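Protein chains: 2
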Amino acid sequence: MPYYIGDVIKQENSLIARTPEKFRETGVDVRIDTRVEEVDEKAGRVRLSDGTNLPYDLLVLGTGTTPLLPGIPGEDREGVFTLKKFTDALGIKAWLKEVSCRKAIIIGAGFIGMEMSEALRNLGIETSVYHRGTLPVNRWDTEFSKAVLDELERHEVRFVTEVEARAVEKGRERRLRLVTNQGEEEADMVLMAVGIRPDAELARQMDIPLGKTGAIRVNFSQQTSREEVYAVGDCCESFHRVSGRWVNVPLGDIANKQGRIAGVNIGGGNMIFPGIVGAQCFKVFDLEVAATGLDERATLQSGFHPASTLVWGNAIAGSMPGNKKLGLKLIADRATGKLLGAQAVGETGAVSRVNTLSAALWAGLSIDDAGWLDLAYAPPVGGSWDLIHIAAQKLRRQL
Amino acid sequence: MPYYIGDVIKQENSLIARTPEKFRETGVDVRIDTRVEEVDEKAGRVRLSDGTNLPYDLLVLGTGTTPLLPGIPGEDREGVFTLKKFTDALGIKAWLKEVSCRKAIIIGAGFIGMEMSEALRNLGIETSVYHRGTLPVNRWDTEFSKAVLDELERHEVRFVTEVEARAVEKGRERRLRLVTNQGEEEADMVLMAVGIRPDAELARQMDIPLGKTGAIRVNFSQQTSREEVYAVGDCCESFHRVSGRWVNVPLGDIANKQGRIAGVNIGGGNMIFPGIVGAQCFKVFDLEVAATGLDERATLQSGFHPASTLVWGNAIAGSMPGNKKLGLKLIADRATGKLLGAQAVGETGAVSRVNTLSAALWAGLSIDDAGWLDLAYAPPVGGSWDLIHIAAQKLRRQL
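First to last, the protein sequences are chains U and H. Count the first sequence with the numbering used here and you get residues 1 to 399, in order. Count the second sequence with the numbering used here and you get residues 400 to 798, in order.
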């Protein structure tokens, strides 16, 4: 019987709404709030935290990531959260209600920091983002990071730069007080969103090789170095089609795909995971922020000679109403003209361009191709020269 | 000196805002409201309608299309329009004002018919669309044409099916009366939107070969059979990268691209037009309607063995608010698995999917590739399995 072990909880309108009992009827033994402490490969069984053992023929590691913590005193206080699991979100929601939260501090300015600043502001909570750097979301070009910062400020998120958290203490007027190298601030809640690392602890115990990324090495069938042990999702590596390297990109869509690949192969099929191109996005207030392929640093690390251009234009025809301002950055290889990456920011059309260029990257197209792609044109949805064409032809002339 | 001859008119905020005098300062002789009646190739000159002659070394034919008319009595009456040129639009606007138009009839249910029905309804004008078939926009799957029909009806456009126009007469209560095989209807305006054909008259006079499409044959440099005569835009053919055939797709973005290619080559550069994949779209009221590649009929004509699937799902994550219903149809070749075409309809996300798949078609990707494309995922902009993945994997299983 297949086992599923994890901290799955009941959720309306999804597969998970089936209780463990329901799963058992379909032949799957689901154990929630259960941890595997150890894998005994010789005996072919896993030992659970309650001391019981379960036998296996095939094992799938889907252990995900662990949120990083800054390692400061008081980071374990009540009211200090990380956000990784669904249960974390429920915990935060309950806390906000319990303390009638009026003020929150987020430490970190990545995806989670941005998305949570919007969620908290939408609840009317005064929100500060503390960041060790000067601009949010450093995967994007400085110009686009500035656009994100403008969007935060437009929605009255306080953005504190070049700051180092020193401690979380008990507050006087609010529940907590964050102490930093730039002074102190009190808040009802502190969210630590400073990053994640792949949780490869079980794999390490089993002497399954990890990659340079610290994530579990797998082949294109999602098998680890052991034929009978698969790994999928945030805890393992993926093949990056643009760089030709194995990377760790902990995103939900990639995890979903790898899960299906492992499932098909375990079920007797034969399917390979064809890799990723690094497509990612988030929304912060009214802004779509998207990227795909490699950023300039990654192109250099992979031996390319990058050239880039960044243009601002319109997501739809200039004659149409609405805020249509769109920024697009393209990166290509000087030597071969190969398209290497793209970034886009705008209230509309950013994700659409990045997805079109993700298909181009998937196929290994050149900047010449990108300059002449045949895209669906109508004034309410684009220009007769799309910003993709404009940017690509501009970059082509630079090479 | 380069000449530009045509019916260009002054338009705010565009290049055309420069008067012919301004153009002349930059070394281009622009003649508006001017027609070339004949080309004397031996003498290397064109004869204009006012009898004057202009010499040339190189000639570019950008003669566009001519709107078709049903060929019925009264189709030349005042108040009966076609819509092809900018001046047609100005004429319609002036007429609507002059007659305080309250009722309009559109004959034809293609792009122009759909877009104009929206424009007229937005002015509060009672609008009927007369169509010889049963459903609008026959390039799309019946299911999507029905969605377009629903959208028309939701906005109170009357859609009259299987009808044949017999005559346009003088009306009693309104300016005009349309007589059909199903009775009569009066209106203040009648728009004939029954199709267009490439205007290749000058080329025909010059014995320049036309393609089977009736449009001018060109090479990848946009040259006709004569080295010194170029053709660009709606009057000429384009290479379709999916079918491998030369087609006539009269769309503004293609015309723009071909114009640039011809210009670069005439200017001493060396650039080829890499072709099209058939991407197109329009918006009708709140609905995006988009397609790319080949429809099933075209796949058969090109020797493929098509299989297709049509799925309905969400443009963004199911948990997000808003009307996110999206329909996507994919067509692939049974023998090779090659992706051949796509169609999409929805209030949001239809054009985005079609553009992503246009890049895939451009690169000759397979339905397998489409099923695993790495796309930017975040709940406000997409699902972790995008509808592209869902449709492609479903179609893959059918092959």
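Just so you know, even glycine gets a beta-carbon here, dropped at the ideal spot from N, CA and C. On a predicted model such as this, the values are computed, not experimentally measured, just so you know.
By the 10 Å Cβ neighbour count, where 16 or more other Cβ atoms means buried, how is residue i classified, buried or exposed?
i      : result
H704/H : exposed
D456/H : exposed
D459/U : Since the first residue shown for chain U is 1 and the last is 399, residue 459/U is missing from the structure and cannot be characterised.
V407/H : Any reading at V407/H must be qualified, since the residue scores a pLDDT of 47, below 50, and its modelled position is unreliable; no value is offered.
F282/U : buried
P73/U  : exposed
D374/U : buried
G383/U : buried
E118/U : buried
P55/U  : exposed
S128/U : buried
N122/U : exposed
P535/H : buried
E550/H : buried
L15/U  : Its pLDDT being 43, under 50, L15/U is placed unreliably by the model, and the measurement read from it follows with that caveat. The residue in question, L15/U, is exposed, as its Cβ has fewer than 16 Cβ neighbours within 10 Å.
G512/H : buried
A307/U : buried
E401/U : With chain U covering only 1 through 399, there is no way to say anything about residue 401/U.
G244/U : exposed
Q398/U : exposed
K611/H : exposed
A416/H : Note that A416/H has pLDDT 45, beneath the 50 cutoff, so the model's placement of it is unreliable and the number below is only indicative. So A416/H ends up on the exposed side.
S428/U : Not covered by the structure: residue 428/U. The range shown for chain U is 1 to 399.
F86/U  : exposed
Using a C-beta to C-beta distance shorter than 8 Å, which residues of chain U count as neighbours of residue i?
i      : result
C680/H : A376, Y377, A378 and V381
V536/H : Those do not exist, as V536/H stays about 13 Å from chain U at its closest Cβ, beyond 8 Å.
Could you list which residues in chain U have their beta carbon closer than 9 Å to that of residue i, in chain order?
i      : result
G736/H : By Cβ distance, chain U contributes nothing, its closest Cβ being about 14 Å from G736/H, past 9 Å.
S757/H : T356, A359, L373, D374, L375 and A376
V528/H : In chain order: nothing, as chain U lies at least about 19 Å away.
V547/H : Within 9 Å Cβ-Cβ: nothing; V547/H doesn't reach chain U, min ~14 Å.
If I'm right that residue i touches residue j with Cβ under 8 Å, what's the distance once you round it to whole angstroms?
i      : j      : result
E552/H : F543/H : Not quite, the Cβ-Cβ distance comes to about 15 Å (not below 8 Å), so this is no contact.
L467/H : G594/H : 4 Å
R430/H : S448/H : Contact flag wrong, Cβ pair sits at about 10 Å.
N669/H : Q621/H : No, N669/H and Q621/H are not in contact; Cβ-Cβ is about 12 Å, not under 8 Å.
T65/U  : P198/U : 6 Å
Could you tell me which chain H residues have their CB closer than 7 Å to the CB of residue i, listed as they occur along the chain?
i      : result
W372/U : K656 and P673
V46/U  : Neighbours of V46/U on chain H: none; closest Cβ ~27 Å, over 7 Å.
Considering only their Cβ atoms, is the gap separating residue j from residue i smaller than 8 Å?
i      : j      : result
M515/H : A592/H : yes
W771/H : V676/H : no
T161/U : G183/U : no
G461/H : V631/H : yes
L405/U : I367/U : Residue 405/U lies beyond the range of chain U shown here (1 to 399); nothing can be said about it.
E98/U  : V168/U : no
G740/H : L693/H : yes
W494/H : G478/H : yes
L310/U : D141/U : yes
A791/H : L699/H : no
V589/H : L575/H : yes
V780/H : V744/H : no
V562/H : N537/H : no
K492/H : E525/H : no
G313/U : I261/U : no
For the ligand ZN, any of its heavy atoms closer than 7 Å to the Cβ of residue i?
i      : result
C680/H : Absence of the ligand ZN from the depicted structure is noted, as is the absence of any ligand whatsoever, leaving it without description.
Against residue i, what residues of chain H qualify as contacts under a CB-to-CB distance less than 8 Å, listed in chain order?
i      : result
S308/U : Going along chain H, no residue has its Cβ under 8 Å from S308/U, so there is no contact; the nearest lies around 19 Å.
V277/U : D773
T292/U : D773 and A775
V218/U : By Cβ distance, chain H contributes nothing, its closest Cβ being about 16 Å from V218/U, past 8 Å.
D369/U : P673, W761 and A762
For a contact meaning CB atoms closer than 7 Å, what does residue i contact in chain U?
i      : result
V753/H : A376
T433/H : By Cβ distance, chain U contributes nothing, its closest Cβ being about 24 Å from T433/H, past 7 Å.
S783/H : G252, D253 and N256
E687/H : V381
Can you name the residues of chain H whose CB is closer than 9 Å to the CB of residue i?
i      : result
L365/U : A758, W761 and A762
Below 8 Å, can you find three or more Cβ-Cβ pairs linking the segment 742-762 of chain H to the segment 374-390 of chain U?
yes
Would you say the segment 681-691 of chain H touches the segment 644-663 of chain H, given that touching needs at least three Cβ pairs under 8 Å?
no
Touching or not, the segment 232-242 of chain U and the segment 202-221 of chain U, by the rule of three or more beta carbon pairs under 8 Å?
yes
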